[in-house]
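Structure record follows, encoded as structure tokens.
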Amino acid sequence: MTNYTHLRSQMIRLLELLRSILYPDVFDELEEEHTAADLEAMARQQLLEVLRRVYQEPPKYEDVADALFAKLPAIRETLETDIQAGYEGDPAATCPEEVMLAYPAFEAISIFRIAHELYLLKVPMLPRMMTEYAHSLTGIDIHPGATIGPYFFIDHGTGVVIGETTVIGEHVKLYQGVTLGAKSFAVQADGTLVKGNKRHPNIGSNVVIYAGATILGGDTYIGDNCVIGGNVWLTHSVESGKRVLTAREQTEFVTTDI
Numbered sequence: 081m082t083n084y085t086h087l088r089s090q091m092i093r094l095l096e097l098l099r100s101i102l103y104p105d106v107f108d109e110l111e112e113e114h115t116a117a118d119l120e121a122m123a124r125q126q127l128l129e130v131l132r133r134v135y136q137e138p139p140k141y142e143d144v145a146d147a148l149f150a151k152l153p154a155i156r157e158t159l160e161t162d163i164q165a166g167y168e169g170d171p172a173a174t175c176p177e178e179v180m181l182a183y184p185a186f187e188a189i190s191i192f193r194i195a196h197e198l199y200l201l202k203v204p205m206l207p208r209m210m211t212e213y214a215h216s217l218t219g220i221d222i223h224p225g226a227t228i229g230p231y232f233f234i235d236h237g238t239g240v241v242i243g244e245t246t247v248i249g250e251h252v253k254l255y256q257g258v259t260l261g262a263k264s265f266a267v268q269a270d271g272t273l274v275k276g277n278k279r280h281p282n283i284g285s286n287v288v289i290y291a292g293a294t295i296l297g298g299d300t301y302i303g304d305n306c307v308i309g310g311n312v313w314l315t316h317s318v319e320s321g322k323r324v325l326t327a328r329e330q331t332e333f334v335t336t337d338i
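FYI, the working numbering numbers position 75 of the sequence shown as 155, with every residue one higher than the one before it.
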């Protein structure tokens, strides 16, 4: 069996280095000042060490590292939109830097954006370890397989769950306690769960989902420009431009046009 001792601490160190590259003026926690080239060299070495431990059958580690580092500018570009969404979406935010340093949502989202790229590269274990680390810090549980568009913000954040096959559009805002989850799990003849199928909802663009709402199912779609009220339970789709105030018996919606 592979020895995974210290893998979690290596993963945490890798995240610190990668976020230091993305925002050296905010997240560089190293005691000594380093150049951008120094940070990248340290992060690359740390990544290679972690990759050698998580793969059962070694790929070309350098190719995986190259692919991730090539994505860092795009990750930062998307994070800039998330910061903007947080600052503009919360009247209590005094500046963008406060969103980055004090808001659990940005902690979770910034880690998720990195983990998601590793998930797309099919790196085993590491992406999930990263997002579960963020979960332990913030109470926000985002699976690295979820697809989340730009300008994403989670207000307060505690108790939010976003499943693996969730797809979220642009300019979406969630409040605490929101669950985007699976309605049920398909089972094979031998009783084991079917994996890899679409289990979680799609959320359109310009959607607000208030605290405690639960939206379940792989065929559930919340259309663009919808508002989903607090504590609503949904397992069926909602047309674009609707405001869902309550959902009774899973099939009867009380909606209004926005």
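Don't be surprised by glycine CBs; every beta carbon is placed ideally from N, CA and C.
* For the stretch 204-267, which segments carrying the alpha helix (DSSP H) assignment without a break, of at least 4 residues, lie completely within its bounds, in sequence order? -> 206-218
* Asked: Grouping DSSP H, G and I as helix and E and B as strand, with all else coil, what is Arg323?
  -> strand
* With a cut-off of 8 Å on the beta carbons, I'd call Tyr290 and Pro204 a contact; round off their distance for me. => Contact flag wrong, Cβ pair sits at about 36 Å.
* To the nearest angstrom, report how far apart Met210 and Ile283 are at their CA atoms. => 24 Å
* To do: Could you pull out every unbroken beta strand (DSSP E) segment of at least 3 residues lying fully inside the stretch 284-313, listed in chain order?
  => 294-296
* To do: Count the other CB atoms, across all protein chains shown, that sit within 10 Å of the CB of Thr227; report buried if there are 16 or more and exposed otherwise.
  => exposed
* If you compare alpha carbons, which of Ser317, Lys275, Asn305 is closest to Ile295? -> Ser317
* In three-state terms, what does DSSP make of Leu201? -> coil
* Excluding the five sequence neighbours on either side, which residues of its own chain have a C-beta within less than 8 Å of the C-beta of Asp304, listed in chain order? -> Gly249, Gly284, Ser285, Asn286, Val287, Ser320, Gly321
* Asked: Using the beta-carbon count (16 or more within 10 Å), is Glu197 buried or exposed?
  -> buried
* Asked: Under the DSSP definition of a beta bridge, which residues are partnered with Val318?
  -> Ile302
* Just the Cα atoms here: how many angstroms apart are Thr331 and Lys151? -> Confidence in Thr331 is poor, its pLDDT being 46 and thus under 50, which makes the residue's placement unreliable; the coordinate value appears in the next sentence. Taking the straight line joining both Cα atoms gives about 42 Å.
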